[in-house]
Amino acid sequence: MQIKSITTDPIELQIESFKDFLKKETYEENLYLKFINNKFFKLNFNSQNLKFKLPLLTPEECFLKNKTYSLKVYINLTIKKTNKIILLNKYVLLTEIPLITKNGNFIINGNPRIMVQSIRSTGLFTYEDKKIQGNLLTTIIPIKGSWVTLKINFDNNIYFKLGKTNKKLSALKVLQDLGLTRKKIFYCLKNIIFLKNLTQYKEKKRININSKFFKLKIFIKKNYFINYKIECLLLYKKNYFDLGKLGREKLNKKIYIKNNYLSSKRLKAEDLLGCIHNLINLKNGIGEKDNIDSLANKRIILVGEILNNQILNNLNKLTDNLKSRLKLLTRKIIYNKKNVKDFQIKEILNSQIISVSLKKLFTSNLSQIMEETNPMSEITHKRKIYSLTGSKKRDSNLVVREVTPTYFGKICPIETVEGKNAGLIWSLAKEARINKDGFIETPFYLIKFVKNKTKINLNKTFIFLSSKQEKTQKYLKLNKSNIFLMPISRIQMLSLGTATIPFLEHNDANRVLMGSNMQRQTIPVIKKESPILTTGIDIIIIKNNYYNIKAKYSGLIKYIDTKKIVIYEKLNNNNEKIISLSTSSFYKSKNIKTKKIQINNKKIYLLKKRFSNQNNFIQMKPIVKENNYIVKGEIITDSIYSKKGKLSLGKNLLIAYMPWKGYNFEDAVIINKRLIDEDILSSIYIKKYKTFILNNDTGKEKVTKKIPKTKKEEKYNLNKNGIIKEGVFLKKGNIIVGKIKQATQNNYKNKILNLIFKKRRVKDVSLRTNDDHQGKVIEIRIIKNKFVSIIIYIAEKRKIQIGDKISGRHGNKGIISKFLEQENMPYLQDGKIIDIILNPLGIPSRMNVGQLFECLLGLAGKNLRENYQLIPFDEVFKNETSKIIVYNKLYEASKKTKKKWIFNPNNVGKSLIFNGKTGKPYLQQVTVGYSYILKLIHQVKDKIAARSTGSYSVITKQPLRGKAKKGGQRFGEMEIWALEGFGCAYNLQEIITIKSDDTTNKFKLLYNLIKGSNLPEPGIPESSKLFILELESICIKISINKKASHKNLFN
191 MQIKSITTDP IELQIESFKD FLKKETYEEN LYLKFINNKF FKLNFNSQNL
241 KFKLPLLTPE ECFLKNKTYS LKVYINLTIK KTNKIILLNK YVLLTEIPLI
291 TKNGNFIING NPRIMVQSIR STGLFTYEDK KIQGNLLTTI IPIKGSWVTL
341 KINFDNNIYF KLGKTNKKLS ALKVLQDLGL TRKKIFYCLK NIIFLKNLTQ
391 YKEKKRININ SKFFKLKIFI KKNYFINYKI ECLLLYKKNY FDLGKLGREK
441 LNKKIYIKNN YLSSKRLKAE DLLGCIHNLI NLKNGIGEKD NIDSLANKRI
491 ILVGEILNNQ ILNNLNKLTD NLKSRLKLLT RKIIYNKKNV KDFQIKEILN
541 SQIISVSLKK LFTSNLSQIM EETNPMSEIT HKRKIYSLTG SKKRDSNLVV
591 REVTPTYFGK ICPIETVEGK NAGLIWSLAK EARINKDGFI ETPFYLIKFV
641 KNKTKINLNK TFIFLSSKQE KTQKYLKLNK SNIFLMPISR IQMLSLGTAT
691 IPFLEHNDAN RVLMGSNMQR QTIPVIKKES PILTTGIDII IIKNNYYNIK
741 AKYSGLIKYI DTKKIVIYEK LNNNNEKIIS LSTSSFYKSK NIKTKKIQIN
791 NKKIYLLKKR FSNQNNFIQM KPIVKENNYI VKGEIITDSI YSKKGKLSLG
841 KNLLIAYMPW KGYNFEDAVI INKRLIDEDI LSSIYIKKYK TFILNNDTGK
891 EKVTKKIPKT KKEEKYNLNK NGIIKEGVFL KKGNIIVGKI KQATQNNYKN
941 KILNLIFKKR RVKDVSLRTN DDHQGKVIEI RIIKNKFVSI IIYIAEKRKI
991 QIGDKISGRH GNKGIISKFL EQENMPYLQD GKIIDIILNP LGIPSRMNVG
1041 QLFECLLGLA GKNLRENYQL IPFDEVFKNE TSKIIVYNKL YEASKKTKKK
1091 WIFNPNNVGK SLIFNGKTGK PYLQQVTVGY SYILKLIHQV KDKIAARSTG
1141 SYSVITKQPL RGKAKKGGQR FGEMEIWALE GFGCAYNLQE IITIKSDDTT
1191 NKFKLLYNLI KGSNLPEPGI PESSKLFILE LESICIKISI NKKASHKNLF
1241 N
């Protein structure tokens, strides 16, 4: 059965949103920068005639040169001075906007970044207060401005609250301040109980806003109500409060009759009155509360809306800046310091205001560096949704993280991050899409049952439904004939990453979550291969990968090299494509007369080698051959992530579930040494070295081969400019870039001596390789921006080693604890040696039985030389379908290969294996088979750190912590307990004092070791002294009774 997929391009959501953002209609509505007047000048901005200037560099060139791939926006400007036109319809640079690429990302300073899809709900929401039982709340959430909250408590009092303030006001007082009369308020509410509670508050005198006394009181801020009144009046202004189109629609549906709908995006006094009426009805049991966790009340903000909001928020700054600059210009003209004709546009309009704010946006939490570990991690990162951001994550309880019925087909119920953000970061389902209003939709087939109970698909079409259109709260038992909608796929509710796991229905959901997360952390191995068993979703992932090019048109391949592919597309006179095309059509024949054929020569250019954000080496390789005919949509190139157009990240390896002398205890893994010797699980790691050539107060730097106090052997691989040559294999401590620094002399005597002897103090500041990295130089980049920078990329082949992390696709992860020689590993009855030994106890407690199905079907597939594609949830056809498929294939393999041990009727799935050391069979039969094993990015070489000497903290005089700072390992509280348990008093004293932060005795120790005398007695460490000083700062005096007095302690 083939997968029915209507998945549009998963990246299309962001690209379409960005296209909508660039439309002229958006700017006409939102860009309210039109007229700015002054005594002398009048500025007229015509936002309807915007012009866009495309970037000069391509995305690849921006990536190589560390530039930003951006678009320039020009606005039409006319400047008048006392009815004289100074500037007429001049296009002025307004801002520079980063431009989205075909891959759905942005290139900021040479780094691929993506915009985070977050959730925001606008409109009216009525719900019960979780803290105080019996209280009802109505919250109005605008696009721009403070939240408005109305609250009715158990005493039937109604309060009004604006923003984050905790002070509450009488709702009646607020409505009167906003211009409503008591008569209108009482007539609309029509409830005596609530009216009595509203009128309990004493009325203040009506105050004229324009009076001086009123303004003085605002300035002094003596009366809270007056200040609050001004804040309430700000609700009417568009610059301060904006409900938005969807917010107004929600408000209208909740509180108004259809004929009385309002169109204003500002909040009116009548809106608040309607909200109070709605609250009173709910208190009396009329109406329904809103389910805040439902997707019907949550909309997704895409990249276009985020950028639009950022620009609109900074328009006020731009207008203020324009007004202040105009004032300065008029002053200069009045005092005859400047002529009107001499001024420049830069003096009035500062285009950097919006550009700088957009740069800040792309370096904030809303923008993240794109994950490029593999295509699965990339596509998942682009389809992630962040439900909560900032400090709200810590406060969120389990109710917020739970899965609701509205998630079906829209949000994957399994895939999320592990840890404190679990359930707060979602992943879009496979077939989900986001509509123009920002709500998630999922498709359903339109069907009809005929008399003979057969399903007929109506026009083979499907419709998309959002959570608003679904009624998931009610579960009804209906006859089949009454059902008109059905899901289009049985894996419709899963995300792309989760749906790649075969037999996931036999696993616990926690292990499926781990399996999908492990796949995203997989680094591609050198000798990769596609899995024996797939679900078919990997085809969707590869087709949407940027580095696997799809043919845009059908045709004949005429030429291939490492840079381009040339395709001949044959057309007839009517410009209609001909289906069949052969090479004979291009050769002339004397006997046969052929019609003239129009041929289009199409070229597809391949990307040069590239390095991902996660230190992967990426290069395109054609998989088609010359004189082959290709069809539109066919994959024609491979990358490091694929093989023959299929997603290939790991290796199919022979595994056995058995204990082996305790070395695979818990999650430890034993591997065959063949995997190391034959580079089966080896991968390429890219190390980036970067250096700048600086000229500052400390001295001038220069790149040169003439490095002082270095041997010729060390400089042998450098070119004449002092930079390493490409293709050179580097080892520990080798020079990459030869660089010297001419130190400045502050002492006049040294300056004179240097001038007399013509010698300068030169310091060696060359860039060298780290102790833990070695490899081949594959690329050198010299970038000239503000500073000249030199970037060198070194490729290192990393073999699998003890401490590395490997995983299967079912959350069965583990650390390599031991590797055995081939002759010591167990082997099968046909002589094949086991590659990996896993602990069998990892299956019952974790409840991920799907790995056994994959293992056994992989054994059958390897012997039959077959690959399988199975969609999860095959039990819909028949009970135990997975078991039947596996057993049938094992039986077929045993018959065709004549290996009876593959299918043992008495003990299916297990076979007898032999001890590698003794050659004798094990007492019990063991489950063996082929599973797809992945190598993860967590490698021991990046984790392990050691230190002999290094930097120390200025405050505590202790070694720094962290691998990046070359810090030491902390001997903490529990480690001290361990030594205390063994009574190691002297060792403990050394570690806490001399080896830590007893600075005076630390220097004595070195002198005594050289001299050969006894070690000094440990003193008081700096951390203890610091603690005493901190106690003294809060007036607690502590003295240490020792030979030295308290006064001498700090000398």
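Going left to right, the sequence shown walks through residues 191 to 1241 as this note's numbering numbers them. Think of the CB as a built atom: it goes at the ideal place given N, C-alpha and C, for glycine as much as any other residue.
- Taking a C-beta distance under 8 angstroms as the contact criterion, I678 and F652 qualify as a contact pair.
- If you draw a 10 Å sphere on the C-beta of R1055, you find fewer than 16 other C-beta atoms in it, and that means exposed.
- At a cut-off of 3 residues, the continuous stretches assigned as beta strand (DSSP E) that sit fully inside the segment 805 to 865 are 841 to 847, 858 to 862.
- Exclusion of the five residues before and after K895 leaves K905, L908, N909, K910, N911, G912, G928 as the residues of its chain whose Cβ lies within less than 8 angstroms of its Cβ.
- In this structure C1225 is exposed. Its beta-carbon is surrounded by fewer than 16 other beta-carbon atoms within 10 angstroms.
- Inter-residue distance for Y879 and D954 is about 17 angstroms (C-alpha atoms, whole angstroms).
- Runs of the beta strand (DSSP E) lying entirely within the segment 888 to 971 and spanning at least 3 residues, in chain order: 889 to 893, 925 to 927, 929 to 933, 952 to 954.
- Per the C-alpha coordinates, the member of I496, Y749, F1193, E495 positioned closest to K815 is Y749.
- N504 is a Cβ neighbour of I544, given a cutoff of 8 angstroms.
- Where W1167 is concerned, the enclosing alpha helix (DSSP H) starts and stops at 1163 to 1172.
- If the five residues before and after K836 are omitted, its C-beta is found closer than 6 angstroms to the C-beta atoms of S720, all from its own chain and listed in chain order.
- Assignment of beta-bridge partners to Q558 by DSSP yields I304.
- Rounded to the nearest whole angstrom, the CA to CA distance from I747 to Y736 is 21 angstroms.
- Q1059 is bridged by DSSP to T724.
- The Cβ-Cβ distance between L1124 and S997 falls below 8 angstroms.
- Per the Cβ contact rule, the segment 875 to 894 is not in contact with the segment 1051 to 1066 (fewer than 3 Cβ pairs under 8 angstroms).
- Shown here, I1026 sits in a strand according to DSSP, grouped into three states.
- DSSP places A459 within a helical segment (H, G or I) once states are collapsed to three.
- Annotated three-state conformation of Y1176 is helix, per DSSP.
- According to the DSSP assignment, V364 belongs to the alpha helix (DSSP H) that extends over 361 to 367.
- Contact between the segment 1016 to 1027 and the segment 857 to 872 is present: three or more C-beta pairs spanning the two stretches fall below 8 angstroms.
- CA-CA distance, T1087 to N1053, rounds to 7 angstroms.
- When beta bridges are read from the DSSP output, E986 appears opposite Y875.
- Put simply, the backbone Cα of C602 is about 11 angstroms away from that of R573.
- No Cβ-Cβ contact shorter than 8 angstroms links I730 with I826.
- Of the residues R701, F1193, F634, the one whose Cα lies closest to the Cα of I673 is F634.
- Under the three-state reduction of DSSP, M683 is assigned to coil, being neither helix nor strand.
- When rounded, the separation of the alpha-carbon atoms in K742 and K793 is 10 angstroms.
- Using a Cβ-Cβ distance cut-off of 8 angstroms, the segment 1172 to 1180 and the segment 1130 to 1144 are not in contact, since fewer than three pairs of beta carbons, one from each stretch, lie closer than that value.
- About 6 angstroms separates the beta carbons of I830 and F807, which is inside the 8 angstroms limit, making them a contact pair.
- Of all alpha-carbon atoms in E986, G1004, D728, I876, the one lying nearest the alpha-carbon of I992 is that of G1004.
- Note that the C-beta distance between A619 and S685 is below 8 angstroms.
- L441: member of the alpha helix (DSSP H) spanning 435 to 445, first to last residue.
- The alpha-carbon of P302 is positioned some 6 angstroms away from that of I559.
- Residues of the same chain with a CB within less than 8 angstroms of the CB of H467, apart from the 5 flanking positions on each side, are C378, L379, I445 in chain order.
- One Cα belongs to I727, the other to S617, and the distance between them is close to 16 angstroms.
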